[in-house]
Each structure stands twice: as C-alpha cells, then as structure tokens.
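All remarks here apply to the structure that follows.
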Amino acid sequence: MSPSCRSIKPRFTSLSPSPEITEGLKKADRACEKCTRTKKKCDKSLPGCSRCKRLSNKCCYDYMYTPSVTTVIRPEHAIKSPPHIPGTLKPFLDISSSMILSLLSSRNAIPSHSVQHYLETINPYLTIVHPELFALRTNITGSDSFSDQELQDPATTLLVVCMQLFSQNDDSSIKGEENAGRAVYRSAKQILSVLRAIDSPSIELVQCSILLAFYEYTHEDLGRAYLSIGDANTMALILHVGPGKYLEDEREALIPYEEEERRCVYWSLFVLDRLVQTDYSLLHMPHQIPPAVVSPPAADDLLPTNHLLWYDEGQSPYYVTQRYPADTDFSVPVGAFQRNCQYAMLYTGISPPQSPVGPMAFDLANPIVTSVLPE
Numbered sequence: 001m002s003p004s005c006r007s008i009k010p011r012f013t014s015l016s017p018s019p020e021i022t023e024g025l026k027k028a029d030r031a032c033e034k035c036t037r038t039k040k041k042c043d044k045s046l047p048g049c050s051r052c053k054r055l056s057n058k059c060c061y062d063y064m065y066t067p068s069v070t071t072v073i074r075p076e077h078a079i080k081s082p083p084h085i086p087g088t089l090k091p092f093l094d095i096s097s098s099m100i101l102s103l104l105s106s107r108n109a110i111p112s113h114s115v116q117h118y119l120e121t122i123n124p125y126l127t128i129v130h131p132e133l134f135a136l137r138t139n140i141t142g143s144d145s146f147s148d149q150e151l152q153d154p155a156t157t158l159l160v161v162c163m164q165l166f167s168q169n170d171d172s173s174i175k176g177e178e179n180a181g182r183a184v185y186r187s188a189k190q191i192l193s194v195l196r197a198i199d200s201p202s203i204e205l206v207q208c209s210i211l212l213a214f215y216e217y218t219h220e221d222l223g224r225a226y227l228s229i230g231d232a233n234t235m236a237l238i239l240h241v242g243p244g245k246y247l248e249d250e251r252e253a254l255i256p257y258e259e260e261e262r263r264c265v266y267w268s269l270f271v272l273d274r275l276v277q278t279d280y281s282l283l284h285m286p287h288q289i290p291p292a293v294v295s296p297p298a299a300d301d302l303l304p305t306n307h308l309l310w311y312d313e314g315q316s317p318y319y320v321t322q323r324y325p326a327d328t329d330f331s332v333p334v335g336a337f338q339r340n341c342q343y344a345m346l347y348t349g350i351s352p353p354q355s356p357v358g359p360m361a362f363d364l365a366n367p368i369v370t371s372v373l374p375e
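Take 1 as the starting number for the sequence shown in UniProt numbering and just add one per residue.
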C-alpha cells in the first residue's frame with residue numbers, strides 16, 4: 001500500500017533556504033496591492049511576493065489604498081469628526097497672487113507692460129477685458145510693475161498672466177511644445193482648473209477661460225479651444241451674462257462699467273465660438289463639426305457700446321459711447337469690435353443687417369467721447 005501524501009516529505013531539502021539566508025531576507029512593511037485588494041495572504045517578499053510571481057502579476061508595495069464605493073460609512077463617524085481636517089492637498093490648493101505672479105518673474109516679464117501691450121493691440125478688436133474696470137480692480141498707480149498689494153485676488157492675477165501670453169507672440173519665433181510660452185500656458189490652465197473647483201464663478205474666471213481659448217485658437221488647437229469656450233460659457237450662464245436689450249428710451253442713458261463688461265464678455269464668447277466653428281468647417285466634414293456653444297444674439301440685443309472709431313486717417317482713433325442694436329445697418333460707423341460681432345452673426349442663422357431703418361437715423365454728429373488712444 002502506497003503511503004499517503006501527508007507522509008511524503010520534500011526530497012530536495014537542499015533547495016530550502018538556510019536559516020542564515022532567511023534571516024537576511026527583507027520584508028515589506030505591508031502586503032502588496034494585489035493581495036490587499038483580493039484579500040489574500042501576502043508573504044511581503046521583496047522585490048515581489050511569491051503570489052504575484054506565480055500569477056505573473058506586477059507586485060507593488062508603494063500604493064494608496066482607497067476603499068470600494070460600496071464601503072458603508074457609519075453616520076456617527078461623520079458627526080464626531082472635527083469640522084476641518086487639513087489634508088495633503090491643502091498646500092496645493094492654497095493659490096496666492098504672489099505664486100501666480102511668479103510665472104511671469106521666471107521669464108523676466110514685466111506684468112504692467114504685458115497688460116498695456118494687450119490692451120492697446122488686441123483688446124480693441126476682441127474686447128474681453130474692460131480696461132477701466134481692470135484698472136480699478138488692480139489699483140494701478142502708474143508703476144512699471146504690479147505688487148502683491150495691487151493684485152490681491154488670484155483670479156485677477158491669473159487674468160494678468162493670460163494677457164501676458166499674447167504679448168510674447170510677437171517676440172517668439174519658436175513654435176511647438178518647446179516654446180517657453182507653452183509652459184506658462186499650461187500652468188495657467190492648471191491654476192484656472194483649481195480656481196474653478198474651489199471658488200465660485202466670477203467674471204474674471206470667465207475672462208481667463210476666454211483668453212486661454214483665444215490662445216488655443218491662435219495656436220490651431222481647435223479641440224481645446226472648443227472645450228475652453230464651453231467652460232467659459234457655463235460660468236457665464238451661471239452669472240447670467242448677456243448682451244442686454246436695445247431700448248430707444250435708454251439711448252442717452254449712462255452705461256455702468258459692470259453692465260458693459262458683461263456685454264463684452266458675451267460678445268467675445270460669441271465671436272470666438274463662431275471663429276472656431278468656421279475653422280472646423282474648413283478642416284473637417286460636416287458631420288464632424290461640433291455644435292455651437294454660445295446662444296446667438298437676437299436682433300434687438302445690444303452691441304458693445306464702447307466704440308473705437310477712425311473718422312480720418314490723419315486723426316488718432318478715439319472711443320465713443322453709443323447704443324446700437326445687433327441688427328444695425330453696416331453703413332453705420334461702429335467700432336472694430338462691434339463690426340466683428342456683426343460679422344460673427346453672418347455665420348449663424350441670424351439674418352444679417354440689411355435695412356437702414358432705425359440706427360441710420362441716429363445723430364452721429366455729437367458722440368460721447370470717453371477715452372482716446374495714445375498716438
């Protein structure tokens with residue numbers, strides 16, 4: 001009768017590790033990830049446990065264990081927990097203006113010069129930032145640089161960084177991921193995502209999203225530009241940002257800065273959305289074009305009221321304040337930004353302005369001059 005399996009002893013006892021070798025083997029401090037998640041016994045061997053070797057699995061001891069979604073949390077634990085427990089992410093989420101400004105100091109850029117460059121060259125044609133309100137919010141004193149005291153709001157500071165992205169385009173001849181401007185752009189995107197997650201929507205965050213979308217559009221990154229426009233439009237809808245309605249009775253009424261800023265934000269979003277749509281239509285098949293994000297304006301919606309005009313080639317351009325509805329005839333002299341808004345309407349189902357009724361009869365002899373650009 002053959003002996004039972006229990007009575008058979010290992011024949012190759014010489015292969016078993018000696019006590020000296022066993023004492024020298026190092027063990028991990030805890031079970032590996034695979035054994036922990038499958039609730040199996042782990043021998044904690046290094047560099048990998050025997051079970052993972054046998055199953056040809058990647059053995060990992062350096063991991064963060066998260067309970068399954070079916071884990072039940074007892075209510076009394078939540079009640080007895082302290083009101084605030086500092087976590088490991090708190091230092092990362094604590095974004096200050098000085099930290100954001102360091103993005104510019106690393107490139108030896110002067111923030112005030114970048115802002116001035118943007119406001120004088122790009123903003124008149126796509127008015128994303130309201131110059132007067134921006135000056136009030138940043139407490140600009142005419143110095144060559146911003147300080148932490150002048151930029152106390154992280155969202156406003158990020159707005160400065162986003163405007164600075166465009167001041168580098170003229171001087172930079174390097175394109176692609178190696179461009180130093182792309183590093184600032186990526187950092188700005190990351191900071192914006194954090195601010196959107198921990199702060200309430202604000203006009204400044206909407207403006208940052210539009211500027212980043214415009215930057216992505218100018219770098220032919222239509223997919224990211226489309227997503228950024230969607231993010232900006234979502235925040236704008238929460239803030240009830242819109243163009244407002246044209247009313248004949250309010251033709252000569254004063255226009256608050258905040259009202260004009262919200263109007264400019266809406267029209268900037270609309271223009272940029274249609275630019276992305278147009279480029280998609282040139283590069284892709286019709287079924288590959290994503291739908292428009294921003295709702296089109298109505299015929300009686302107000303155009304931006306701050307117009308930059310050139311009446312004479314020998315005369316410096318100047319701003320005038322005038323209320324015009326969106327369907328104003330093209331023969332009426334309006335600012336560059338307002339005309340771009342009307343051009344963007346041509347890419348939608350809105351009928352383009354054709355009739356000279358209404359705004360054609362406006363008296364343009366006495367416009368309200370609000371500011372003059374430097375020569």
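Built from N, CA and C at the ideal position, the CB exists for glycine as well.
Keep in mind it's a predicted model, so treat the numbers as computed, not measured.
Query: Output needed for Asp-231: all residues of its chain with C-beta closer than 6 Å, excluding positions within five of it in sequence on either side, in chain order.; Result: Ser-209
Query: Per DSSP, what are the beta-bridge partners of Lys-245 in this structure?; Result: Asp-301
Query: Near Gly-242, which residues of its chain fall below 6 Å by C-beta distance, leaving aside the five closest residues on each side in sequence?; Result: Tyr-266
Query: How far does the beta strand (DSSP E) with Val-160 in it extend, from its first residue to its last?; Result: Unbroken run through Val-160 is the alpha helix (DSSP H), 154-167; no beta strand (DSSP E).
Query: Going by DSSP in three states, Pro-317 sits in which element: helix, strand or coil?; Result: coil
Query: Using a Cβ distance threshold of 8 Å, determine whether the segment 272-281 contacts the segment 212-226, with at least three qualifying pairs required.; Result: yes
Query: Within the chosen definition, does the segment 311-328 reach the segment 236-252 through at least 3 CB pairs nearer than 8 Å?; Result: yes
Query: I want to see whether chain B comes within less than 8 Å of His-219, judged by CB atoms only; does it?; Result: Protein chain content of the structure displayed is limited to a single chain, and chain B is not contained in it.
Query: Within its chain, find whatever has a CB closer than 8 Å to the CB of Ala-292; leave out the 5 residues flanking it on each side and keep chain order.; Result: Asp-273, Arg-274, Gln-277, Thr-348
Query: Is the beta carbon of Val-334 closer than 8 Å to that of Leu-303?; Result: yes
Query: So, using beta-carbon positions, are Glu-120 and Tyr-257 closer together than 8 Å?; Result: no
Query: With respect to the alpha helix (DSSP H) encompassing His-117, which residues constitute its N-terminal and C-terminal limits?; Result: 111-121
Query: Am I right that Ser-187 and Leu-283 are in contact with their C-beta atoms under 8 Å? What's the rounded C-beta distance?; Result: Incorrect: roughly 28 Å between the Cβ atoms, too far for contact.
Query: Tyr-318 to Leu-151, Cα distance in whole Å?; Result: 29 Å
Query: Check the DSSP bridge columns for His-307 and list the partner residues they point to.; Result: Val-320
Query: Can you give the Cα-Cα distance for Thr-157 and Ala-236, rounded to whole angstroms?; Result: 19 Å
Query: Asp-62 to Cys-49, Cα distance in whole Å?; Result: 13 Å
Query: Can you give the Cα-Cα distance for Gln-190 and Pro-154, rounded to whole angstroms?; Result: 13 Å
Query: So Tyr-343 is in the alpha helix (DSSP H); what residue range does that whole segment cover?; Result: 336-345
Query: Can you check whether the CB of Ile-229 is closer than 8 Å to the CB of Thr-305?; Result: no
Query: Distance check for Val-161 and Ser-98, CA to CA, integer angstroms please.; Result: 12 Å
Query: Alpha carbon to alpha carbon, how far is Lys-39 from Lys-58? Give it in angstroms, no decimals.; Result: 16 Å
Query: For Glu-261, I'd like the list of residues in its chain whose CB is within less than 6 Å of its CB, leaving aside the five on either flank, ordered along the chain.; Result: His-130, Leu-133
Query: Quick check on this structure: which residue in Asn-139, Ser-193, Leu-309, Arg-37 has the alpha carbon closest to the alpha carbon of Ser-227?; Result: A small fix is needed here, since residue 227 is Leu in this sequence, not Ser. Nearest option by C-alpha distance: Ser-193.
Query: Buried or exposed, going by whether 16 or more other CB atoms sit within 10 Å of the CB of Ala-213?; Result: buried
Query: Leaving aside the five residues before and after Ser-351 along the sequence, list all residues of the same chain whose C-beta is less than 6 Å from its C-beta, in chain order.; Result: At Ser-351, the pLDDT of 49 sits below 50, so the modelled position is not reliable; the number obtained from the coordinates is stated separately. No residues qualify anywhere along the chain.
Query: Using a threshold of 8 Å, state whether the C-beta atoms of Phe-337 and Pro-124 are closer than that.; Result: yes
Query: How many whole angstroms separate the CB atoms of Ser-45 and Lys-27, which I take to be in contact at a CB cut-off of 8 Å?; Result: 7 Å
Query: Could you have a look at Ser-45 and say whether DSSP puts it in helix, strand or coil?; Result: strand
Query: List the whole-angstrom C-beta distance separating Arg-54 from Cys-42, where the pair is believed to meet the contact cut-off of C-beta under 8 Å.; Result: Between Cys-42 and Arg-54 the Cβ distance is about 12 Å, and since that is not below 8 Å, they are no contact.
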